[in-house]
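For what it's worth, our numbering labels the leading residue of the sequence shown as 1, then goes sequentially. Built from N, CA and C at the ideal position, the CB exists for glycine as well. What follows is a set of notes on a single structure, which appears directly below.
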Amino acid sequence: MKFSAILSAVFASIAAVSAIEPAEGRQHEIAFIVDYKIKQQPELTQADVAEWTNGETITLQYHAQNNEAEEVTIIGVSGTFIEPSTGNVKVNMTAATIGPIVVAPGESHVFEQNIPLNVLPDHYLLVPQVYVAHEEKVKHVAIRGQLATVVEPNVSIFNPQLLFLELVLLATFAGFGYFVYEFWGKQYFKGTAPVAAKVKRAASPSSATASGKAYDESWIPEAHLKQKKTKKAA
1 MKFSAILSAV
11 FASIAAVSAI
21 EPAEGRQHEI
31 AFIVDYKIKQ
41 QPELTQADVA
51 EWTNGETITL
61 QYHAQNNEAE
71 EVTIIGVSGT
81 FIEPSTGNVK
91 VNMTAATIGP
101 IVVAPGESHV
111 FEQNIPLNVL
121 PDHYLLVPQV
131 YVAHEEKVKH
141 VAIRGQLATV
151 VEPNVSIFNP
161 QLLFLELVLL
171 ATFAGFGYFV
181 YEFWGKQYFK
191 GTAPVAAKVK
201 RAASPSSATA
211 SGKAYDESWI
221 PEAHLKQKKT
231 KKAA
């Protein structure tokens, strides 16, 4: 009954405990060794600087070894993102309950913690926190930190949000262009439209050409023409 009461109290207050107790704060001496690796980057060591991108989720894969003479129960995880140079806490991660996972003396256990990244791009020291129940007390187990740099993701031109913005801008410019054409451009183009040049008709062949003569006789006085004909007859 006592152990059940402890667990109920822990599940109700673990978030408050993790928020109040800083990473460098009170820790309990316990022969319960916890280490971890980052599942997505298993080659990383404590000496390396991890590179993470906002929006992704990293998974801490813990390995816990119980060297106590009594069983130890894992009951929760939390953590903080700390400023590496000053030690100031920048982000407190939401505490989450686990199990409870009972680890017998001399045995080990593997468990995981998912951490969605949504922090300001910067350099951090990630300090995970594991809470256990031992000897009817809640204890905070000391765990190593991991240096990391968090950056914003690269924006692709095929990103749905960017595509939507491009369509909105395109529609806006198209509407503006249509408005300008309708209220100003159409009148302008009408006023400066080129005038088609008039085509002159070619003169009809003269009666002189039709009759086989080299000149037009229509303008010659009739008396003169009769005189010419009389001379030819003679």
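Return yes when the Cβ of residue j is within less than 8 Å of the Cβ of residue i, no when it is not.
| i | j | result |
| --- | --- | --- |
| Ile75 | Leu117 | no |
| Glu138 | Val103 | Here the sequence assigns Val to residue 138, which means Glu is not the residue at that position. No, Cβ-Cβ distance for Val138 and Val103 is not below 8 Å. |
| Glu68 | Phe111 | no |
| Pro128 | Val77 | yes |
| Ala50 | Gln146 | yes |
| Glu135 | Glu70 | yes |
| Val141 | Ile30 | yes |
Look up residue i in the DSSP assignment and say whether it is helix, strand or coil.
| i | result |
| --- | --- |
| Leu117 | coil |
| Glu182 | helix |
| Val49 | coil |
| Ala142 | coil |
| Leu147 | strand |
| Gln61 | strand |
| Ala133 | strand |
| Leu44 | coil |
| Ser8 | Below a pLDDT of 50, predicted positions are generally treated as unreliable, and Ser8, at 47, falls in that range; the measurement from the model is reported next regardless. The answer is helix: DSSP assigns Ser8 an H, G or I state. |
Just how far apart, CA to CA, sit residue i and residue j?
| i | j | result |
| --- | --- | --- |
| Lys37 | Arg144 | 11 Å |
| Thr97 | His63 | 17 Å |
| Glu83 | Tyr124 | 5 Å |
| Ala95 | Leu165 | 37 Å |
| Lys90 | Phe179 | 51 Å |
| Val34 | Gly106 | 13 Å |
| Val130 | Thr86 | 23 Å |
| Asn88 | Val132 | 25 Å |
| Ile115 | Gly99 | 17 Å |
| Leu126 | Gln46 | 11 Å |
| Gly177 | Leu44 | 55 Å |
| Glu56 | Asp48 | 19 Å |
| Phe183 | Ala174 | 14 Å |
Spatial neighbours of residue i within its chain, please: C-beta separation below 8 Å, excluding the five flanking residues on both sides.
| i | result |
| --- | --- |
| Thr54 | Contrary to the premise, residue 54 reads as Asn rather than Thr in this sequence. Correct list, in chain order: Leu117, Asn118, Val119, Pro121, Val150, Val151, Glu152, Pro153. |
| Ala210 | In this prediction, Ala210 has a pLDDT of 48, which is less than 50 and means its spatial position is unreliable; what the coordinates show is noted afterwards. Answer for Ala210: no residue qualifies. |
| Trp52 | Ile58, Leu117, Ala148, Thr149, Val150, Val151 |
Take residue i and list the residues in its own chain whose beta-carbon comes closer than 7 Å to its own, dropping the five residues that flank it on each side.
| i | result |
| --- | --- |
| Ile101 | Thr73, Ile74, His109, Phe111 |
| Gln187 | none |
Using a Cβ-Cβ cutoff of less than 6 Å, which residues in the same chain neighbour residue i once the five nearest sequence positions on both sides are dropped?
| i | result |
| --- | --- |
| Ala171 | none |
| Lys39 | Thr59, Gln61 |
| Gln65 | Ile33, Ser108 |
Under 7 Å: does the beta carbon of residue i sit that close to some heavy atom of the ligand ATP?
| i | result |
| --- | --- |
| Val180 | Inclusion of the ligand ATP in the displayed structure is not the case, the ligand content being empty and no account of it being possible. |
Subject >> Ordered list of beta strand (DSSP E) runs contained in the segment 72 to 109, each at least 3 residues >> reply: Qualifying beta strand (DSSP E) stretches, in chain order: 72 to 82, 89 to 92, 96 to 103.
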